[in-house]
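Reviewing the structure listed below.
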Amino acid sequence: MDYDRLDSIAADVMQGNTDAVGVLSTGERLYVALAANNSELLGSDSIAYAIARLEPEAVQELVERHRYDNIDTTVAKAARHQMDDLVALVRKLVHSLKRAQPDSDIAKRAQDYLRRQGLEGSPLRGEAD
C-alpha cells in the first residue's frame, strides 16, 4: 500500500472531501476510514473487523502515523485558547498602562510585539484600541 497517498486521502476525508475513496480497494478504504477516524467509511463493518482485515504492516503504519492525531489536535486547541487569553490580557494591560502613563515606552513595545507576531486586535478596530 502507498501509505503517503492513503494519508493524503484521509486528510481530504477529514476536510469533507470523499471523492477519492470510491476507487480504493477494501483494505485501502478501511485504512483511510481508520486514519481519518470516519466511521461512515466503514459502512456496516466494525472497527475490530477493519483492523483484522488490514495486513499487519498496514496496522503498524496506521498506529505509527496516527496514534497522536487526536492528542495533537486537543493540545493545539488548548494552547490556542491559552494564547488567546494571554493576548487579551496583554491588550488590557496595554490599554490600562496607556491611560495611566501615556508616555510609557512599555505599552508601545508590547503593542509592537503583538503586531509583529500577528496577534494584534481586530482590523475593524482603530489603532487606539
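The sequence shown lines up with residues 1207 to 1335 when you count with this note's numbering. Ideal Cβ positions, reconstructed from N, Cα and C, are used throughout, including at glycine. Keep in mind the model is a prediction, meaning the values are calculated, not measured.
Shortest alpha-carbon distance to Ala1216 belongs to which of Lys1314, Gln1323, Leu1240, Gly1228?
Out of Lys1314, Gln1323, Leu1240, Gly1228, Leu1240 has the C-alpha closest to the C-alpha of Ala1216.
Counting along the chain, where does the alpha helix (DSSP H) carrying Asp1210 start and finish?
Bounds of the alpha helix (DSSP H) holding Asp1210 are 1209-1220.
Using 10 angstroms around the beta-carbon of Val1255, count the other beta-carbons present and answer buried if the total reaches 16, otherwise exposed.
The identity of residue 1255 in the sequence shown is Tyr, whereas the question assumes Val. Exposed: under 16 other Cβ atoms inside 10 Å.
Helix or strand or just coil, what does DSSP make of Glu1261?
Residue state, collapsed to three classes: coil.
In angstroms with no decimal places, state the Cα-to-Cα distance between Asp1213 and Glu1261.
If I take the Cα positions, the gap works out to 16 Å.
When burial is assigned at 16 or more other CB atoms within 10 Å of the CB, is Asp1335 buried or exposed?
Low confidence applies to Asp1335: its pLDDT is 45, below 50, so where it sits in the model is not reliable, and the reading given next is rough at best. With fewer than 16 Cβ atoms within 10 Å of its Cβ, Asp1335 is classed as exposed.
In angstroms, rounded to a whole number, what distance separates the CA positions of Glu1267 and Asp1309?
Straight across, the Cα-Cα distance linking Glu1267 with Asp1309 is about 59 Å.
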